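**Q**
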Amino acid sequence: MLTQLLAAWWQPIGAGNSVACFALAGSIFARALLHDRRAVQLLGLAGIAAALLLLALRDIHGIATVLGATLGLLLAAGKSRARHD
152 MLTQLLAAWW QPIGAGNSVA CFALAGSIFA RALLHDRRAV QLLGLAGIAA
202 ALLLLALRDI HGIATVLGAT LGLLLAAGKS RARHD
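Structure below.
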């Protein structure tokens with residue numbers, strides 16, 4: 152929901168279901184950055200780089216992907232912290 156609201160603010164026309172899909176992709180990219188295998192990390196990094204390019208181009212999918220990646224990292228950090236407590 153947060154990505155839909157932010158995307159509607161960013162670009163009121165065209166904030167459809169692709170925004171939610173790109174947010175989910177962003178969370179997967181973020182999780183890939185935390186993976187043990189270097190190849191998976193590089194794929195996550197490539198996805199984040201593409202999202203930043205979209206963001207620089209003011210494409211609505213960029214903001215959704217970046218927000219999804221940010222939320223994905225925050226959730227992964229919280230899960231990791233809970234595991235160590």
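Here the sequence shown is numbered in the numbering used here, starting from 152 and rising by one per residue. Virtual Cβ for every residue (Gly too), placed ideally from N, Cα, C. This one's a predicted model, so the numbers in the text were calculated from it and none came from an experiment.
Find the nearest neighbour of L226 within the set A190, A202, L175 and L206, judged by alpha-carbon distance.
**A** It is L175.
**Q** From this set, R188, A183, T154 and R189, which residue's C-alpha is nearest C172's C-alpha?
**A** The option with the nearest alpha carbon to C172 is T154.
**Q** Under the assumption that L206 contacts I214 (Cβ atoms under 8 angstroms), give the Cβ distance between them as a whole number of angstroms.
**A** With a Cβ gap of about 6 angstroms, L206 and I214 count as contacting.
**Q** Are there 16 or more other CB atoms within 10 angstroms of the CB of A158, so buried, or fewer, so exposed?
**A** The residue in question, A158, is buried, as its Cβ has 16 or more Cβ neighbours within 10 Å.
**Q** Is the beta carbon of A197 closer than 8 angstroms to that of G177?
**A** Not a contact, by the Cβ cut-off of 8 angstroms.
**Q** For the putative contact between A183 and V191, defined by C-beta atoms under 8 angstroms, what is the C-beta separation to the nearest angstrom?
**A** With a Cβ gap of about 5 angstroms, A183 and V191 count as contacting.
**Q** If distances are taken between C-alpha atoms only, which option among F180, M152, L194 and D187 comes closest to T221?
**A** For T221, the nearest C-alpha among the options comes from F180.
**Q** Compare the Cα-Cα distances from S169 to each of G229, V217, I211 and L194 and report the closest residue.
**A** Out of G229, V217, I211 and L194, I211 has the C-alpha closest to the C-alpha of S169.
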